[in-house]
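Numbering (my numbering), first residue to last: 2 to 177.
Idealized CB from N, CA, C, for every residue including glycine.
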């Protein structure tokens, strides 16, 4: 990929914590060490899936399946839909999660080929790196309160990219 390719956002929705989920009754305070990680750039993962030919479901079906799976995950891990806040009374940073919280889910499309985006070697051109950055959703890290996590599904030529962004104080690379 030598020409600059951009990702176009085609929709934004939210995946809520299921009503049956057990929500934390108190804010979940981050430890001092975890709070330090909030200043480090966000943790972003992008997973690529190549089309399986005619058996590949339509993009809308993939998005519906991803939303459903995320909802099922939030039933167990509800704080991922929460917000990072500053607790005025203690000065701590904590995750708060309520029944009205949800994970932002971005739908996007891009004219790049999944093989060329996913298969780049270690010496990827700057344009490729800029494209990879667009495949993970944005998440505000400048000021609290802010969302804990966001998800993005991008339709590519010949496949799909699923990007997840989460604050480093909440999860780290090996556990996420």
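{"Asked": "Can you name the start and end residues of the beta strand (DSSP E) that residue 158 belongs to?", "Found": "150–158"}
{"Asked": "DSSP three-state label for residue 78, please.", "Found": "coil"}
{"Asked": "How would you write the range of the beta strand (DSSP E) that residue 13 sits in, first residue to last?", "Found": "9–17"}
{"Asked": "Counting only the same chain and skipping the five closest in sequence on each side, list residues whose C-beta sits under 7 Å from that of residue 38.", "Found": "169, 170"}
{"Asked": "In chain order, what residues of the same chain lie with their CB nearer than 8 Å to the CB of residue 81, ignoring the 5 residues before and after it?", "Found": "74, 75, 104, 149, 150, 167, 171"}
{"Asked": "For residue 11, is the classification buried or exposed, using 16 other Cβ atoms within 10 angstroms of its Cβ as the cut-off for buried?", "Found": "exposed"}
{"Asked": "So residue 18 packs on residue 102, CB below 8 Å; how close in whole Å?", "Found": "6 Å"}
{"Asked": "Using 8 Å as the Cβ pair cut-off and three pairs as the minimum, do the segment 50–61 and the segment 138–146 touch?", "Found": "no"}
{"Asked": "Do residue 23 and residue 79 have their C-beta atoms within less than 9 Å of each other?", "Found": "yes"}
{"Asked": "Where are the alpha helix (DSSP H) runs, 4 residues long or more, that stay fully inside the segment 27–58, in chain order?", "Found": "33–37"}
{"Asked": "Using alpha carbons as the reference points, say which of 129, 115, 120, 43 lies closest to residue 162.", "Found": "115"}
{"Asked": "I believe residue 85 touches residue 154 by the beta-carbon criterion, under 8 Å. Please report the beta-carbon distance rounded to the nearest angstrom.", "Found": "Contact flag wrong, Cβ pair sits at about 24 Å."}
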